[in-house]
């Protein structure tokens with residue numbers, strides 16, 4: 244082999260080694276950049292999971308608060324309705340009692356049940372109870388139209 248060919252061959256080998264070293268370095272850099280990108284993606288995904296978990300917890304807390312508020316509102320509405328119904332029953336009872344008392348008062352003396360010259364209280368009480376119950380069962384106020 245001539246010196247020229249040996250120098251050329253060694254130059255070619257050195258060039259190939261340099262190219263191989265550059266390729267290896269580029270491959271390592273590419274691998275490192277891919278690893279960095281993968282790490283960044285994992286970090287972003289973990290950050291997103293933390294954000295989603297926080298949002299989910301906040302949403303669940305808000306939903307729980309809405310359910311509690313709705314439950315309280317329903318309970319308050321029920322209590323108000325029961326109070327109104329109790330007041331209506333009380334008004335109806337008072338009107339029925341007043342109606343029965345007016346009916347008894349307006350009855351002609353011949354139709355009033357008497358026992359030995361005086362009103363028999365038990366019959367009057369039974370009449371009042373019956374009138375009140377009939378007013379409650381029919382859910383209305385009794386009215387009197389008894390002729391005198």
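Residue numbers (this note's numbering): 244 to 391.
Ideal Cβ positions, reconstructed from N, Cα and C, are used throughout, including at glycine.
Assigned exposure category for residue i - 16 Cβ within 10 Å defines buried
{"i": "residue 339", "result": "buried"}
Any chain D beta carbon closer than 8 Å to residue i
{"i": "residue 288", "result": "The structure shown contains no chain D; it is built from a single protein chain."}
C-beta contact flag for residue i and residue j at 8 Å
{"i": "residue 370", "j": "residue 343", "result": "yes"}
Cβ-based neighbour list, residue i, same chain, cut-off 8 Å, excluding 5 preceding and 5 following
{"i": "residue 254", "result": "none"}
{"i": "residue 372", "result": "none"}
Nonlocal neighbours in the same chain, by C-beta distance under 7 Å from residue i, ignoring five residues either side
{"i": "residue 400", "result": "Nothing about residue 400 can be read from this structure; the chain reaches only from 244 to 391."}
Nearest candidate by alpha-carbon position, reference residue i, set the options
{"i": "residue 376", "options": "336, 346, 341 and 345", "result": "336"}
What runs of the alpha helix (DSSP H), each 4 residues or longer, lie entirely inside the segment 296–345? none
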